[in-house]
Amino acid sequence: MIETTPRERRRNSQKAEIVAPPQGFRLPKPVRRLQRQAPMYAIQGLSSLSTRLRDLTGRDVIDMGRIMEVVQFIYQQRELARRGPNYAVDEFGFDPQWTESFLTIFKALYRDYWRVESTGVENVPAAGRALLVANHAGVLPWDGTMIKTAVFSEHSHPRHVRALVASQFMGMPVMSWFLRRTGQAVGHPDDTRRLLERDELVLVFPEGTRGTGKSFKDRYRLRRFGRGGFVATAIRAQAPIIPISVVGSEEIYPMIGDFGPVARFFGLPYFPVTPFWPWLGPLGMIPLPSKWRIQFHAPVDVSDLPPSAAEDQHIVMSLADEVRDTIQRGIYDNLKLRRGVFL
Amino acid sequence: MPPHIPRRVLITGVSNPLGAEVARRLAPQVPYLFGCDVADPVSALEEMDFVHADTRLSVIGKLVRQLRIDTVVHLAVLVDSPHDERPIHETDVIGTMNMLVGCSGPSSPVRKLVVKSSQAIYGAAGGDPSFFSEEMINWDRLASGITRDLLEMEQLVSEFALRTDGCDVTVLRLGYRVSEDTSLARYLSLPIVPVFAGFDPRLQFLHEDDAAEVIVRATVGRQPPGAFNVAGDGVVLLSQAIDIMGGRPAPVLPPYWRWFSRLGLKTLARVDLPRHLADFLANGSVMDCSRLEAAFGWKPAHSSRQTMDALALGKTVEVIEPPSPPQEYELQKYLQARRRRALRLSN
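Top line first, the protein sequences correspond to chains A and B.
Counting in the numbering used here, the first sequence runs from 169 upward without gaps.
Counting in the numbering used here, the second sequence runs from 9 upward without gaps.
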C-alpha cells in the first residue's frame with residue numbers, strides 16, 4: 169500500500185506514544201543543566217582564577233597542568249569503566265589503555281615525591297628493539313616503575329617499557345595480575361626473545377632479588393650480574409644494550425634486617441625489616457621521599473657480533489662486566505651530583 | 009619412501025562429538041572409514057563402518073590387522089569429562105598403550121598415526137614462561153590428574169614413534185574448547201562467577217570447528233611428524249571472558265588451597281572443575297602455535313576472542329533439538345546395509 173496524500177498518511181499513522189516522566193522528585197531543568205555542566209564551569213573558573221593569581225603574585229599559585237591531569241585521570245577511569253569487554257590485550261596480557269590511565273599516579277610520584285631527574289633519555293631508541301639494563305634496589309621494585317615512567321613521559325616518542333619479573337612473583341595473587349596487565353613478562357630467556365622480536369623495549373634487572381634484598385649498609389654496591397644471560401639474549405636478538413644507573417632507590421626503604429623464617433613461610437625471597445616496617449604496619453610501607461636521579465647511558469652496540477657469539481662465554485661475560493662497570497660508574501657520578509639524600 | 013596417502017582410516021573414540029565431526033569431515037576424503045568406540049555414535053554416518061571396540065582391551069591390534077588399517081586417528085583420549093580420575097587414567101594411558109601395541113610390530117599395516125592430546129599437558133603454574141612451545145613440556149613437574157596422564161600418554165607415543173620407523177606420528181595438543189557441554193563453558197556461564205582472588209589469567213581457546221579441521225588436515229595432509237600446538241590467535245583475559253558472557257566476576261576463591269575452592273564450586277555452584285582447569289583459571293597458559301602454521305600452512309580460523317563470542321552468542325540462541333538419535337541411527341544403519349547389498353549385487 170502506497171500512501172500518497174498527507175491526509176491518508178495522517179489517518180494511517182500511529183499516535184506518538186507519550187512517555188511519562190519518571191515519578192518522584194526531579195530537580196528543575198536549569199539546575200539539572202548546571203549539574204551537567206558543573207565540571208566545565210569549575211575548570212573555567214579555576215583557570216581564570218589561576219591567571220589572575222599569576223598576574224597578582226607573579227608566579228603559578230594554581231598549576232593548571234596538574235589540575236588538568238587530575239581531570240584527565242577521572243575521565244580515563246570513566247572511559248575504562250565504560251568500555252566493557254571491548255578491548256584487546258596483547259599475548260603477554262598487556263593492556264596499554266589501562267596502564268596509561270594509571271600513569272598519572274606514577275607521574276605524580278616521579279615529579280613531586282621523588283623529584284626524579286633523568287638524563288640521556290634520548291639514548292633510548294624511538295623505534296625498534298633495545299634491552300635496558302638497570303641496577304635494582306629498594307625492597308619493592310619502585311625503580312622499575314620510575315624507569316617506565318621516565319621513558320613514557322620524558323622521551324620524545326613515548327614508549328612502554330616491558331620489564332622482566334622473577335618468575336616467583338608471577339605466581340602471586342594481585343602481583344601477577346597487576347604485573348601482567350601493565351606489560352611485564354616472566355624473566356625467562358624465551359619471553360625476552362619474544363619481546364625483543366616484537367621490537368619492544370625490554371627492561372631487565374640482572375641483579376634480581378639479590379639487588380633489592382641487600383641491606384642498607386651495602387647500598388650502591390652492585391651485586392653479581394647473573395650469569396650474563398641478558399647479554400646472550402641481546403646478541404641473539406641483535407638488540408642494543410642500554411645501561412641505566414638509578415640513584416635514590418636505595419634510600420626508600422632502608423633495610424636493616426631480614427627475617428628469614430618469615431620469608432620462607434610466605435615463600436618470599438626476603439622479609440625486610442626497616443626502621444618503620446613491620447613496626448608501623450601498613451604505614452611502614454610508605455617509601456621515603458629520597459631524591460632520585462636516573463641516567464640512561466649510551467647504547468652498547470652488539471650488532472657487529474655474530475649470533476654464534478652468544479655461545480662464547482668469554483665475550484658474554486666481558487660484555488656483561490662492561491655494562492656493569494658503566495652502571496656502577498654512573499651511580500658514583502650521580503651520587504656526586506646529588507646534593508643530599510632527601511634534597 | 010613415497011608420501012603416504014590414507015586409504016583405510018580407523019577413528020577411535022568416534023562417538024564423542026569431536027570424533028563424530030572428524031568422521032563427518034573425513035568421510036568424503038578417504039575411500040574407507042572405520043570408527044570404533046565403547047558407546048553408540050549419536051548419529052551414524054553412511055560412509056563409516058562402526059565397530060564396538062574398547063581401546064582398553066587388546067582388540068585394536070586384531071581390528072587393525074583384519075581391516076588392513078593404514079591410518080589410525082586416536083581420539084579416545086578423555087580430557088574434559090565428568091568421570092573420576094581413575095577411568096580417565098584407564099582410557100588415556102592404558103587405552104593409548106593398547107592402541108600403540110596394536111599398531112606396532114612388523115605385521116602392522118599402520119603407516120600413520122594421529123593422536124589427540126591437550127594443552128593440559130603443560131599444566132599451568134605461576135612461574136611458567138608466557139608461552140609454551142612444543143618442546144617446553146616440564147617432565148620434572150610433580151604433575152597430577154590429567155596432566156600426569158597426558159604426560160604418560162605422550163611419553164608412550166614418543167617411544168612408539170622412536171621404535172617404529174615406517175609410521176609417521178602426529179600429536180595434536182588441542183587448546184581448551186568452550187562448547188556448551190564443557191566444564192569451562194558451564195563455569196563461565198554462571199551469572200556470578202567465583203574467581204580466584206587476585207588473579208586475572210590469560211586464556212586461550214580453540215573453536216570446535218578448528219579442532220575437527222586440524223585433525224582432518226593432520227590425517228590427510230603431508231606435514232612432518234611431531235607434536236603441534238593448536239589454539240586460536242590472541243588471548244582473552246578471564247575477566248573479559250566473564251564480561252563477554254554477561255556474568256560478573258566475584259573474587260571469592262582463596263588464591264591458595266585449590267582443593268578447597270574446587271569443593272566449594274562443586275557444592276555451591278554445581279560446577280566440577282578438574283584440577284588442571286583450576287590451575288588454568290588461576291595462572292592461565294598460552295601456547296605458541298607458530299610451528300602449526302609453518303607445517304600445515306593453515307591456522308585456526310577462529311581467534312580466542314571469536315570463540316568466546318560464539319559461546320556468548322550460543323547462550324542467547326534457542327537450540328533446536330536434532331531428530332531423535334536412535335531413529336536416525338537405525339535409519340543410517342539400514343541405508344548402509346542397503347548400499348552394501350547393492351554393491352555386492354553389482355559385483
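Even glycine gets a Cβ: it sits at the ideal position worked out from N, Cα and C.
Computed from a predicted structure; not experimentally measured.
Asked, Found
"Inside the segment 362–442 of chain A only - beta strand (DSSP E) runs reaching at least 3 residues", "369–372, 409–415"
"Reference H325 (chain A); option with closest CA among A:N303, A:F337, A:E290", "A:E290"
"Selection of the segment 308–339 of chain A by Cβ proximity to chain B, strictly under 7 Å", "S335, Q336, M338, G339"
"For V244 (chain B): DSSP bridge partner residues", "B:L211"
"Exposed unless 16 or more other CB atoms sit within 10 angstroms - verdict on G396 (chain A)", "buried"
"L180 (chain B) beta carbon less than 8 Å from that of L211 (chain B)", "no"
"Assigned secondary structure, G322 (chain B) (DSSP; H/G/I helix, E/B strand, else coil)", "helix"
"Status (buried if at least 16 other CB within 10 Å, exposed otherwise) for H215 (chain B)", "buried"
"Unbroken beta strand (DSSP E) run spanning E285 (chain A), endpoints", "285–287"
"Chain B contact residues for H482 (chain A), given Cβ-Cβ distances below 7 Å", "By Cβ distance, chain B contributes nothing, its closest Cβ being about 28 Å from H482 (chain A), past 7 Å."
"Against chain A: residues of the segment 224–237 of chain B by CB proximity under 8 Å", "none"
"V81 (chain B) - DSSP class collapsed to helix/strand/coil", "strand"
"Contact list for V165 (chain B) against chain A, beta-carbon separation under 9 Å", "Those within 9 Å of V165 (chain B) in chain A number zero; the least Cβ separation is about 24 Å."
"The segment 301–312 of chain A touching the segment 401–419 of chain A, judged by at least three CB pairs closer than 8 Å", "yes"
"Span of the alpha helix (DSSP H), counted from its first residue to its last, around C111 (chain B)", "104–111"
"Neighbour list for V257 (chain A) in chain B, Cβ cutoff strictly below 7 Å", "V243, L245"
"Local Cβ density within 10 Å of A210 (chain A), reported as buried at 16 or more and exposed below that", "exposed"
"Proximity test, Cβ basis, 8 Å: V441 (chain A) and chain B", "no"
"Neighbourhood of G296 (chain A) by C-beta, 8 Å cutoff - its chain only, sequence neighbours within 5 removed", "D367"
"H310 (chain B) and G240 (chain B) closer than 8 Å at C-beta", "yes"
"Which of helix, strand or coil DSSP assigns to H97 (chain B)", "helix"
"P199 (chain B) to D493 (chain A) span [Cα, whole Å]", "57 Å"
"For D176 (chain B) and P233 (chain B), believed in contact at Cβ under 8 Å, the rounded distance", "4 Å"
"Through-space distance from S471 (chain A) to R389 (chain A), alpha-carbon basis", "30 Å"
"Sequence-distant residues of the same chain with beta carbon closer than 8 Å to Q340 (chain B), five excluded per side", "S51, A52, L53, E54"
"Residue-chain proximity (A133 (chain B), chain A), Cβ-Cβ < 8 Å", "yes"
"Bridge-paired residues (DSSP) for S126 (chain B)", "B:L182"
"Closer than 7 Å at the beta carbon, the chain A residues around Q248 (chain B)", "P253"
"Proximal residues, the segment 115–147 of chain B versus chain A, C-beta separation under 8 Å", "A133, G134, G135, D136, P137, S138, F139, S141, M144"
"Closest Cα partner of R348 (chain A) within the set B:G255, B:P209, B:L273, B:V201", "B:P209"
"Chain-ordered neighbours of F42 (chain B) on chain A, where CB pairs are closer than 7 Å", "Correct list: empty, because the minimum Cβ distance to chain A is about 40 Å."
"DSSP beta-bridge partners of C44 (chain B)", "B:T20, B:V59"
"Any chain A beta carbon closer than 8 Å to N291 (chain B)", "yes"
"Reduced DSSP category for Q340 (chain B) - H, G, I as helix; E, B as strand; rest coil", "helix"
"W282 (chain A) and G416 (chain A) closer than 8 Å at C-beta", "yes"
"Environment of V187 (chain A) [buried if 16+ CB atoms lie within 10 Å]", "exposed"
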